[in-house]
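Asker: Could you have a look at this structure, given as C-alpha cells, before my questions?
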C-alpha cells in the first residue's frame, strides 16, 4: 500500500481539495480514506485500487457533508447590536506607545505611574524617590 500512497496521494489530495474546498479538510479526508482502505488492501490491490480508493473517498466526503452542522440557527430577529469592536483603540494605543518610547526613561516612568496607573503626585514621587514639583 505504501507504493500506492506514494504514487497517488498528491492526486487524491488535489481531488479532495476540490471536493471539500479546504486543504486541511482534504488532507484529513485522504488520510481517513487510506485508513478505511487499509484492512481491505490485500483484496483490493489486485483489482482496481484507484477506483476503490476514490469511491471510498467520495463516500466519506458525502457522509461528512450530511453530518456537517455549522451550529448556526437561522432567525428572523436580528440582534439589537453587534458585539463591541476591539479594534477601535488600536491606533490610539500604538500612538501612545510610540510617544511614550520617545520620552526619556524617567519621564516615561512618571507619565505611566501618574496617568496610566492613576497614582497621585505624592505616590509617584515616593515610588521614584524624587521630590514632587511645585
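In this note's numbering, the protein residues as written are 786 to 919.
Beta carbons are placed, not taken as given, at the ideal position from N, Cα and C, and that holds for glycine.
1) Nearest-angstrom Cα distance between residue 811 and residue 828?
2) Please name the residue, chosen from 821, 831 and 860, that lies closest to residue 844 on a Cα-to-Cα basis.
3) Could you check how far apart the C-beta atoms of residue 815 and residue 797 are, in whole angstroms? I think they sit under 8 Å.
4) What's the call for residue 875, buried or exposed, on a 16-neighbour Cβ count within 10 Å?
5) So residue 875 is in the alpha helix (DSSP H); what residue range does that whole segment cover?
6) Can you list, in chain order, the stretches of the alpha helix (DSSP H) that have 4 or more residues and sit fully within the segment 808–838?
7) Count the other CB atoms, across all protein chains shown, that sit within 10 Å of the CB of residue 846; report buried if there are 16 or more and exposed otherwise.
8) Measuring straight from C-alpha to C-alpha, what distance separates residue 794 and residue 826?
9) Thinking residue 901 and residue 917 are a contact (beta carbons under 8 Å), I'd like their distance in whole angstroms, please.
10) At the level of alpha carbons, what is the spacing between residue 915 and residue 878?
11) For residue 894, I'd like the list of residues in its chain whose CB is within less than 7 Å of its CB, leaving aside the five on either flank, ordered along the chain.
Answerer: Here's the rundown:
1) 26 Å
2) 821
3) 5 Å
4) exposed
5) 875–887
6) 808–822 and 826–829
7) buried
8) 15 Å
9) Not quite, the Cβ-Cβ distance comes to about 18 Å (not below 8 Å), so this is no contact.
10) Cα to Cα, the separation comes out at about 28 Å.
11) 913
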